[in-house]
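Here's the structure, in structure tokens; my notes come after.
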Amino acid sequence: MKVPFRLKSNKIDAIFHSTPSPLRLSHQSYRQTSSTHSSTRLNNLLNATLHTKNLKHATQIHTQIITNNYTCLPFLLNNLLSLYAKCGNINRSVLLFSTNHGGFKNVVIWTSLITHLSRFSKPFKALTFFNEMRSTGIYPNHFTFSAILPACADSMTVQHGEQMHCLIWKHGFQTDIFVGTALVDMYAKCTDMTSAERVFAEMPDRNLVSWNSMIVGFLQKKLYYRAVEIFREVRRQVSDSPDEVSCSGVLSACANMGCLEFGRQVHGIAFKLGLVALTYVNNSLMDMYCKCGLFGDALELFKTIGDRDVVAWNVVIMGCVHSGKFEEACRYFWFMRTEGIAPDEATYSSVLHASASLSALNQGTLIHDQTIKTGFMNNACVASSLITMYAKSGSLVDANRVFEEIQERNVVCWTAMIAACQQHGCANQAIELFEEMLGKGIEPDYISFVSVLSACSHAGHVKEGFVYFSSMTDVPGMNPGPEHYACMVDLLGRLGKLEEAKRFIESMPIKPDSSVLGALLGACRNYGNLEIGREIAKRLFELEPDNPGNYVLLANMLTRKGMMEEADEVRRLMGVNGVRKEPGCSWIDVKNITSVFTVHDRSHSRTDEIYEMLRKLEELVIRKGYKPETQFAINSVEGYKEQSLWYHSEKLALALGLLALPVGAPIIIKKNLRTCGDCHTVMKFASEIFGREIILRDVNRFHRFTNGLCSCKDYW
DNA sequence: TTAGGGTTAG
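Numbering (our numbering), first residue to last: 22 to 737.
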């Protein structure tokens, strides 16, 4: 149980005041070298220091123990060992234990050491000491088993826990409520809920902690409705009321299910039980409201919390990200820093996600600085987020720099870099990285396969794509999901194998979702196959009637074929379904200032120069053989279509880039929709005419234009 | 003098 701070200091004062001179007061007393300390007084000092966790004082007490020849007293040895651990120095605990050859080591001291090693996430050391203890002839008791089981859970394999389970039976501790609960928790953490349930069912007595272990177990297994069931049973059957652990667990289940109604009920229960002021409950409540789409309610709670910990800030920052409020997410990050809260890897992961979504290179670089200042540069999760941020902000060079500097790369780091290459059109490099990762013995995960299959599709590597696709089943527990099928359809579609792609979809063991069908519709657009295109578009209209992209794609295909009436019909259907095309907008950063353009925009301070630049650009590209693709000017009156094309938002941003960015600097433009075909053509010409690198990030991918060519090879 | 359960992110 945590001791409130006031109690701690009172207790220390009490000890000092009750201690006769020269021990009275304080810090002097720790340094006392005469042998005036009795073992009880030293123990009292040890207990007092346990609250202050002062390592220097601990060392001074240690000296006193040695001076007074008290090392043979088990309770002093044990308390000193615990004190070193609580001061954060487990190595000293181990050293004290291992070098105390003359001292008597009973089961209590062994258990104490095992407990601390377990808590310090040193499971293998804890297991080694457990075995050593047994080999010296000391039998483990119910305390020892409760202490060692969390280490078994932490050892990455259920086998240690299973062996321990056998030993528990052998020693007859299977009916102990603490041991039983620790067993349930161990199996749950090893995601073996069947065994956890069996142990739970066989327990002669259970308490709230046992029930909570089951709630958390189901939560970890993503069996959220089961976690809710257990919570309901606690309310019905258990004499104790749910506590903060039960509530935060069930709220997390509600959050992940998007179950607002029950989440609100739990809020009410927690309120009645007086639990809402507790940090864990508050954070879980905020997370539940965020994940259920009520960011405002979460924010209201956030404002009421007096003592916000890092998780509270993380929940709010992530809430902003989930609701598309990326600038706000960054603002909360800086606000948190001014409040003096130390970010953790989850904070960085969220705020870098926000920064990447904004393609805000400046913001991202400032956050990168923070990761270095706070010592997170070697954290694999943070480094992966940095790679993604740089890649999405248009800088593959910086992404690669971060990747090269990572000391220990895990699968997430590799995948982030593979995805970065793939998004920038460097498909072969992405495939090479994937192979290099395999060569290092790192097992690809679900997302690694999405990235490499996507790279195969961009590079047109059908054979390799199918080899990787079928190799997925070699990875235990891995099954291709919709994203993987979509990549394969894209791969076939890109090469014009539309019938084959259609047959592939029909043979899928899972129901094709919009990403799979969308990939085929995109291919139909590129190859002008109206027959399959119509059929797939119809299925997509039913599947996602609110997505304007599908209507626009089909309408453009029809316009291209001169089938104006049918194209109008599709646009009418769009209106009937209440779908509105999101207005296109593009933005570009010049000297830390972001300029945003919509079509025909004349709000910029340099508008006249921008329109003049576009007029010149038009002349230059026409000389190079440019022909306007008027089907992209769908909303214009006939005759004005060509002119209308010239004022698309990405062209306006390009013109500003040409005017305002220094010669040789890449022009980075961002767009909220897919880029238009005519703009794509003009960007290619412009990259050649001006000898400049133009990077256009649209809603789906990057287009990197150099020397008249695009990295997407005209397929997007 | 020793023991069991917790929120966020990827």
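Backbone N, C-alpha and C fix where the C-beta goes; we use that ideal spot for every residue, glycine too. Quick caveat, the model's predicted, so the values are computed rather than measured.
What's the gap between the Cα of residue i and the Cα of residue j?
i: glutamate 738; j: glycine 605; result: The question about residue 738 has no answer here: the residues shown for the chain are numbered 22 through 737.
i: cysteine 93; j: phenylalanine 125; result: 6 angstroms
i: alanine 437; j: glutamate 366; result: 16 angstroms
i: isoleucine 130; j: cysteine 313; result: 48 angstroms
i: leucine 294; j: tyrosine 246; result: 23 angstroms
i: proline 533; j: isoleucine 526; result: 7 angstroms
i: asparagine 303; j: glutamine 241; result: 20 angstroms
i: methionine 207; j: glycine 279; result: 28 angstroms
i: aspartate 719; j: leucine 104; result: 57 angstroms
i: glutamate 265; j: threonine 300; result: 9 angstroms
i: proline 569; j: methionine 595; result: 7 angstroms
i: serine 50; j: leucine 102; result: For serine 50, the predicted structure reports a pLDDT of 48, less than 50, and the residue's modelled location is therefore unreliable. A value from the coordinates is still provided. So the alpha carbons of these two residues sit roughly 20 angstroms apart.
i: asparagine 400; j: isoleucine 326; result: 30 angstroms
i: serine 260; j: valine 237; result: 20 angstroms
i: methionine 499; j: threonine 136; result: 36 angstroms
i: alanine 79; j: threonine 88; result: 14 angstroms
i: tyrosine 647; j: threonine 702; result: 8 angstroms
Among the options, whose alpha-carbon lies nearest the alpha-carbon of residue i?
i: lysine 243; options: Glu650, Ser167, Lys146 and Ala276; result: Ala276
i: threonine 149; options: His163, Leu134 and Asn162; result: Leu134
i: glycine 415; options: Asp610, Ala558 and Ile338; result: Asp610
i: lysine 191; options: Ile169, Met177, Lys210 and Pro161; result: Pro161
i: glutamine 444; options: Asp466, Arg430 and Ala420; result: Ala420
i: tyrosine 467; options: His482, Gly502 and Thr325; result: Gly502
i: alanine 574; options: Gly539, Val642, Leu320 and Thr359; result: What sits at residue 574 in the sequence shown is leucine, not alanine. Measuring from the Cα of leucine 574, the nearest candidate turns out to be Gly539.
i: serine 616; options: Leu682, Leu666 and Glu639; result: Leu682
i: threonine 580; options: Asp318, Glu650, Asp330 and His621; result: Glu650
i: aspartate 175; options: Phe239, Ala147 and Thr215; result: Ala147
i: aspartate 511; options: Ser492, Ser475, Ala381 and Lys484; result: Ser475
i: methionine 235; options: Ala217, Met224 and Gly345; result: Ala217
i: lysine 637; options: Arg524, His669, Ala676 and Ser624; result: Ala676
i: glycine 340; options: Val537, Gly289, Ala319 and Asn598; result: Ala319
i: histidine 621; options: Leu673, Asn598, Glu590 and Met634; result: Leu673
i: glutamine 384; options: Cys402, Ile338 and Arg352; result: Arg352
Assign residue i to one of three DSSP states: helix, strand, or coil.
i: lysine 691; result: strand
i: tryptophan 355; result: helix
i: phenylalanine 618; result: strand
i: cysteine 15; result: The shown model of the chain, from 22 to 737, leaves out residue 15, and the question about it has no answer.
i: valine 720; result: coil
i: threonine 727; result: strand
i: cysteine 268; result: helix
i: serine 60; result: helix
i: aspartate 318; result: helix
i: glutamate 639; result: helix
i: tryptophan 667; result: coil
i: cysteine 108; result: coil
i: aspartate 610; result: strand
i: isoleucine 710; result: helix
i: isoleucine 427; result: coil
i: isoleucine 251; result: helix
i: isoleucine 87; result: helix
i: isoleucine 452; result: helix
i: isoleucine 198; result: helix
i: serine 732; result: coil
i: serine 50; result: At serine 50, the pLDDT of 48 sits below 50, so the modelled position is not reliable; the number obtained from the coordinates is stated separately. DSSP places serine 50 in helix when its eight states are reduced to three.
i: isoleucine 715; result: strand
i: isoleucine 631; result: helix
i: glycine 685; result: coil
Looking at residue i: is its Cβ nearer than 8 angstroms to the Cβ of residue j?
i: glycine 678; j: isoleucine 688; result: yes
i: serine 305; j: serine 273; result: yes
i: histidine 479; j: alanine 448; result: yes
i: leucine 204; j: histidine 181; result: no
i: phenylalanine 252; j: serine 267; result: yes
i: phenylalanine 726; j: lysine 692; result: no
i: leucine 551; j: methionine 578; result: yes
i: leucine 519; j: alanine 544; result: yes
i: arginine 515; j: glycine 481; result: yes
i: isoleucine 452; j: glutamate 485; result: yes
i: asparagine 75; j: leucine 98; result: no
i: proline 263; j: arginine 256; result: yes
To test your reading of the DSSP string, which unbroken alpha helix (DSSP H) runs of 4 or more residues are found completely within the segment 535–583?
DSSP runs (the alpha helix (DSSP H)) wholly in the segment 535–583: 535–548, 551–564 and 569–581.
Counting only runs that start and end within the segment 339–425, where is the alpha helix (DSSP H) found for 4 or more residues in a row?
Those alpha helix (DSSP H) runs which fall completely within the segment 339–425 and span 4+ residues are 347–359, 366–379, 382–394 and 401–413.
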